[in-house]
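One line per chain: the protein sequences are A and B, in this order. Quick note: the first sequence uses the numbering used here, first residue 1, plus one each step. Quick note: the second sequence uses the numbering used here, first residue 315, plus one each step.
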Amino acid sequence: MNEEQRIPVVPSVVQLDRVSVKYGRGFALREVSAAFPPGAVGLLGPNGAGKSTMIKALLGFVIPDQGEMRVLDLDVKRSPLQIRSRIGYMPESDAHIPGMNAVSFVAYCGELCGLPRADAMQRAHEVLYYVGLGEARYRNIDTYSTGMKQRIKLAQALVHDPDLLFLDEPTNGMDPKGRDEMLELIHDIAHNKGLSLILSSHLLPDVEYTCDHVVVLDHGAVATQGPIAGLKEHGGRVFELRVKGDAAAFVEVLRGAGLECHETEEDIMRVFVPEGRGAEQLFQLASTHRMQVRHLRPSVPTLEDVFAHAVGER
Amino acid sequence: MPIHDQGYRRYEGRREPHGRTWWVIAKAGLMERLRERKFLGLLLVAWLPFIVRAVQMYLAANIPQAAVLAPTAATFREFIDQQSIFVFFITIYVGSGLIANDRRANALQIYLSKPLTRVEYVAGKLATLVMLLAAVTWVPGMLLLLLQMLFAGNFTFLRANLFLIPAITLFSVILVLLSAFAMLALSSLSKSRRFVAMMYAGLIFFTAAMYQALRQMTGSRAWAVISPEDVLDVVAAGVFRSLDGTPALPMWAALLVIVVMIAASLWILERRVRGVEVVT
Chain A
1 MNEEQRIPVV PSVVQLDRVS VKYGRGFALR EVSAAFPPGA VGLLGPNGAG KSTMIKALLG
61 FVIPDQGEMR VLDLDVKRSP LQIRSRIGYM PESDAHIPGM NAVSFVAYCG ELCGLPRADA
121 MQRAHEVLYY VGLGEARYRN IDTYSTGMKQ RIKLAQALVH DPDLLFLDEP TNGMDPKGRD
181 EMLELIHDIA HNKGLSLILS SHLLPDVEYT CDHVVVLDHG AVATQGPIAG LKEHGGRVFE
241 LRVKGDAAAF VEVLRGAGLE CHETEEDIMR VFVPEGRGAE QLFQLASTHR MQVRHLRPSV
301 PTLEDVFAHA VGER
Chain B
315 MPIHDQGYRR YEGRREPHGR TWWVIAKAGL MERLRERKFL GLLLVAWLPF IVRAVQMYLA
375 ANIPQAAVLA PTAATFREFI DQQSIFVFFI TIYVGSGLIA NDRRANALQI YLSKPLTRVE
435 YVAGKLATLV MLLAAVTWVP GMLLLLLQML FAGNFTFLRA NLFLIPAITL FSVILVLLSA
495 FAMLALSSLS KSRRFVAMMY AGLIFFTAAM YQALRQMTGS RAWAVISPED VLDVVAAGVF
555 RSLDGTPALP MWAALLVIVV MIAASLWILE RRVRGVEVVT
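Here is the structure:
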């Protein structure tokens, strides 16, 4: 492992140093070194990239085969209880304690974290209002909709006032309105309430809206990490391009000319032109290969570009 | 105003030290059961034999014609034996869902993401069941002994049968712990409390039937080792000194079987109570 892959020396809430986790013969995480600074950090990656495994390893659910992990400057192996008393975890899957109403459940979670009963009950009411379940707090959780279950999972993670939150796919299964409200909450927690959070998601817009930093995982390894704003500064220009003809063949032409190019869901491709080169080169290549340029527009780099760049080049 | 602006405050109050979480779990489990009318009904029925025995002792102590009802040491063993049926029903009613329900609702990852160990989680669940089982074995057993003294107005019976205090305690502890550990282990194996209940009932009845069949076929009573019910009979006969005939097993062998069964339950719990299930 070269020096660039070692943990950057920055204040961080979570640090991983050469962490490997194996399931059977395959690696879920392979020599992962990463640093999560305070604030909101997105943990990005396609399905199966190792995001949930990383969170489960940090929680102590999965024991790594090698490597060291520190959370809030505490060693995960040596101080699991101290760490868990200072973090909140919102699992990806539907999870609750059966037979309880929302306020009892959240208060119970507070008590499990060491809050006295009266304080836990008071906090439960407060966080249920905060996550938007105030009116439904006496309803049995088994009767909740998917969106409400996501909110109650956030409430139980917040009740003991953690310093760090692990949110695993928090908008899963939510309708657009509920999703927007959840993202508002997450943004508010990270930027106005003084909590740090790690948001694991495969939804780039969610991460882009709520987070300042990102760690991108792919095939169990870190593809890229850093501040989103910094990663977006590609050192060149981005163009949206649509051509008439064999678009796939033209993508290969662009790549052959040393230009990074990603196809989007529509028939528009995003082309990264290095500094010092411009749109003229695109016209030139199109002309040479007898392609009609139907649409060419300068664009701004997005997290999607960062993700495609990081994951695509591996 | 968006609803989240109603506020989130940092918490600056007291936090309990680690290691007490098992009691939070046990307390919640107890309260959940004691709020159920069906369970309270079961508990009430489980105390009926106590009332009958208490009346018997009162009559024996106060009416000369009823002296034939006077309790002996065997009365207490019979009482605990009678309570075994309620131990069975309460174990099934309370215990079958203790871990199975948590597994069904993915609650284990909620529990184990909090500052508590797997041992504390199991201890909390175990304590719920142990306390409720003790409430129908040890508590009424000791109360009966106390009532006998109060009705008789002297310590003569207790002085003559002082061994009853450790006997009731020891046998109740063994009965309750064996039932609770076995049920918790089974409860950790499934996500369905009904299936767990069937497994437990099957374990008790099937092993007893197997013992009888093997005994008939081979003529050996040593097969009692496969039947928890018969192993407990041997232990009860030993601790209550009511050795009517040769026991099916030596006492040490019966105790060894119990230790092995509890160890097996702990092994299962160690394997099954985890924050995440890894399938490779």
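Quick reminder that beta carbons are idealized off the backbone N, C-alpha and C, glycines included.
For THR171(A) and VAL131(A), what's the separation of their Cα atoms in angstroms? For the purposes of this step, residue 171(A) is taken as the residue at position 171 of the first sequence. For the purposes of this step, residue 131(A) is taken as the residue at position 131 of the first sequence. The straight-line gap separating the alpha-carbon atoms of THR171(A) and VAL131(A) is approximately 13 Å.
At what residue ranges does the stretch 428-492 of chain B contain a whole run of the alpha helix (DSSP H), taking only runs of 4 or more? The stretch 428-492 of chain B contains, as complete alpha helix (DSSP H) runs of 4+ residues, the segments 432-448, 452-466, 470-474 (chain order).
DSSP bridge partner residues for ILE198(A) (one or two, in chain order): Mapped onto the first sequence, residue 198(A) falls at position 198. VAL41(A), PHE166(A).
At least one CB of chain B closer than 8 Å to the CB of GLU126(A): is that the case? Along the first sequence, read from residue 1 onward, the residue named residue 126(A) stands at position 126. Yes, contact with chain B.
Alpha carbon to alpha carbon, what distance is there between THR302(A) and LYS232(A)? Taking the first sequence and counting its residues from 1, the one referred to as residue 232(A) is at position 232. Taking the first sequence and counting its residues from 1, the one referred to as residue 302(A) is at position 302. Each residue's CA atom was taken as its position, placing LYS232(A) and THR302(A) some 6 Å apart.
HIS332(B) to PHE469(B) span [Cα, whole Å]: Looking up residue 332(B) in the second sequence gives position 18. Looking up residue 469(B) in the second sequence gives position 155. Each residue's CA atom was taken as its position, placing HIS332(B) and PHE469(B) some 45 Å apart.
Considering only DSSP beta bridges, list what TYR23(A) is partnered with. On the first sequence, position 23 is the one that residue 23(A) refers to. Looking at the DSSP assignment, TYR23(A) forms a beta bridge with GLY26(A).
8 Å Cβ cut-off: residues of chain A touching GLU330(B): Counting from one through the second sequence, the residue named residue 330(B) turns up at place 16. Using a Cβ-Cβ cut-off of 8 Å, GLU330(B) is close to GLY114, LEU115, PRO116 of chain A, given in chain order.
If you draw a straight line from the C-alpha of LEU492(B) to the C-alpha of SER579(B), how long is it? As a first step, residue 492(B) must be located in the second sequence, where it is residue number 178. As a first step, residue 579(B) must be located in the second sequence, where it is residue number 265. Rounded to the nearest angstrom, the two C-alpha atoms are 9 Å apart.
Which residues DSSP lists as bridging TYR322(B), in chain order: Taking the first residue of the second sequence as 1, we reach residue 322(B) at position 8. Paired residues: none, contrary to the question.
According to DSSP, is CYS113(A) helix, strand or coil? In the first sequence, the residue the question calls residue 113(A) occupies position 113. Correct three-state label for CYS113(A): coil.
Figure out for me which residue from ILE63(A), HIS96(A), ILE55(A), GLY220(A) has the closest Cα to the Cα of TYR144(A). For this step, residue 144(A) is matched to residue 144 along the first sequence. In terms of CA proximity to TYR144(A), HIS96(A) leads the group ILE63(A), HIS96(A), ILE55(A), GLY220(A).
Report the three-state DSSP secondary structure of HIS262(A) (helix, strand or coil). To locate residue 262(A), count along the first sequence from 1; it is residue 262. In the structure shown, HIS262(A) sits in a strand (DSSP, three-state: E or B).
According to the Cβ coordinates, are MET456(B) and ILE488(B) closer than 8 Å? Residue numbering aside, residue 456(B) sits at position 142 when the second sequence is read from its first letter. Residue numbering aside, residue 488(B) sits at position 174 when the second sequence is read from its first letter. Not a contact, by the Cβ cut-off of 8 Å.
Taking Cβ positions, are MET259(A) and LEU296(A) nearer each other than 8 Å? Residue numbering aside, residue 259(A) sits at position 259 when the first sequence is read from its first letter. Residue numbering aside, residue 296(A) sits at position 296 when the first sequence is read from its first letter. Residue identity check: residue 259(A) is Leu in the sequence provided, not Met. Taking C-beta atoms as the reference points, LEU259(A) and LEU296(A) fail to come closer than 8 Å.
Quick one: is TRP452(B) buried, meaning 16 or more other Cβ sit within 10 Å of its Cβ, or exposed? For this step, residue 452(B) is matched to residue 138 along the second sequence. So TRP452(B) counts as buried.
Short CB-CB distance (under 8 Å) between LYS193(A) and chain B: The residue you call residue 193(A) lines up with position 193 of the first sequence. Interface annotation, LYS193(A): in contact with chain B, CB-CB separation under 8 Å.
Range of the contiguous beta strand (DSSP E) that encloses MET90(A): If you number the first sequence from 1, residue 90(A) lands on position 90. Where MET90(A) is concerned, the enclosing beta strand (DSSP E) stretches over 87-90.
Presumed contact (8 Å Cβ cut-off) between ARG78(A) and ALA102(A), rounded CB distance: The residue given as residue 78(A) occupies position 78 in the first sequence. The residue given as residue 102(A) occupies position 102 in the first sequence. Contact flag wrong, Cβ pair sits at about 35 Å.
Say whether chain D places a C-beta atom closer than 8 Å to the C-beta of ILE63(A). Structure shown: chain D not included; protein chains present are A and B.
So, with DSSP's three-state summary, where would you put ARG328(B)? In the second sequence, counting from the first residue as 1, residue 328(B) sits at position 14. Coil.
In angstroms with no decimal places, state the Cα-to-Cα distance between GLU584(B) and LEU383(B). The count along the second sequence starts at 1 and reaches residue 584(B) at position 270. The count along the second sequence starts at 1 and reaches residue 383(B) at position 69. Rounded to whole angstroms, the gap between the alpha carbons of GLU584(B) and LEU383(B) is 49 Å.
Collapsed DSSP secondary structure at HIS323(A) in the structure displayed: Residue 323(A) cannot be examined here, being either before or after the span of chain A that is shown, 1 to 314.
Should ARG417(B) be flagged as near chain A, meaning a C-beta pair shorter than 8 Å? Here residue 417(B) is taken as the residue at index 103 of the second sequence, counted from 1. So, not an interface residue.
Mind checking the stretch 82-103 of chain A against chain B and listing, in chain order, the residues whose C-beta falls within less than 7 Å of any C-beta there? For the stretch 82-103 of chain A, the residues whose beta carbon sits under 7 Å from a beta carbon of chain B are, in order, ARG84, SER85, TYR89, PRO91, SER93, ASP94, ALA95, HIS96, ILE97, PRO98, GLY99.
In whole angstroms, what is the alpha-carbon distance linking THR264(A) and ALA308(A)? Here residue 264(A) refers to the residue found at position 264 of the first sequence. Here residue 308(A) refers to the residue found at position 308 of the first sequence. Going from the Cα of THR264(A) to the Cα of ALA308(A) covers about 10 Å.
Residues that DSSP places opposite GLY226(A) in a beta bridge: By one-based count along the first sequence, residue 226(A) stands at place 226. Paired residue(s): VAL214(A).
Identify, in the order they occur along the chain, each residue of the same chain with its Cβ nearer than 7 Å to the Cβ of LEU500(B), setting aside the five sequence neighbours on each side. Working through the second sequence from its first residue, we reach residue 500(B) at position 186. VAL510, MET513, TYR514.
Please state whether DSSP places LEU500(B) in a helix, a strand or coil. Stepping through the second sequence from its first residue, residue 500(B) is reached at position 186. Correct three-state label for LEU500(B): helix.
Inspect the beta-carbon positions of GLY220(A) and ALA49(A) and report whether they are closer than 8 Å. Within the first sequence, residue 220(A) is the residue found at index 220, counting from 1. Within the first sequence, residue 49(A) is the residue found at index 49, counting from 1. Contact flag set, yes.
For a quick check, are the C-beta atoms of PHE485(B) and ALA550(B) less than 8 Å apart? Numbered from 1 along the second sequence, position 171 holds the residue referred to as residue 485(B). Numbered from 1 along the second sequence, position 236 holds the residue referred to as residue 550(B). Between PHE485(B) and ALA550(B), the gap from beta carbon to beta carbon is short of 8 Å.
Identify which residue in ALA57(A), GLY110(A), ALA157(A), VAL76(A) has its Cα closest to the Cα of MET90(A). If you number the first sequence from 1, residue 90(A) lands on position 90. Taking only the C-alpha atoms, the option nearest MET90(A) is ALA157(A).
Option nearest ALA295(B) by Cα separation, candidates TYR108(A), ILE268(A), ASP94(A), SER93(A): Here chain B comprises residues numbered 315 to 594, so residue 295(B) is not present and cannot be evaluated.
Could you tell me which of PRO176(A), VAL159(A), GLY276(A) sits nearest to ILE87(A), measuring between CA atoms? Numbered from its first residue, the first sequence carries residue 87(A) at position 87. When the alpha-carbon of ILE87(A) is set against those of PRO176(A), VAL159(A), GLY276(A), the nearest one is in VAL159(A).
Short Cβ contact (8 Å threshold) for GLU169(A) with SER201(A): Translated into the one-based positions of the first sequence, residue 169(A) becomes position 169. Translated into the one-based positions of the first sequence, residue 201(A) becomes position 201. Contact: yes.
Classify ALA118(A) as buried or exposed, calling it buried when 16 or more other Cβ atoms lie within 10 Å of its own Cβ. In the first sequence, the residue the question calls residue 118(A) occupies position 118. By the neighbour-count rule (16 or more Cβ atoms within 10 Å), ALA118(A) is not buried but exposed.
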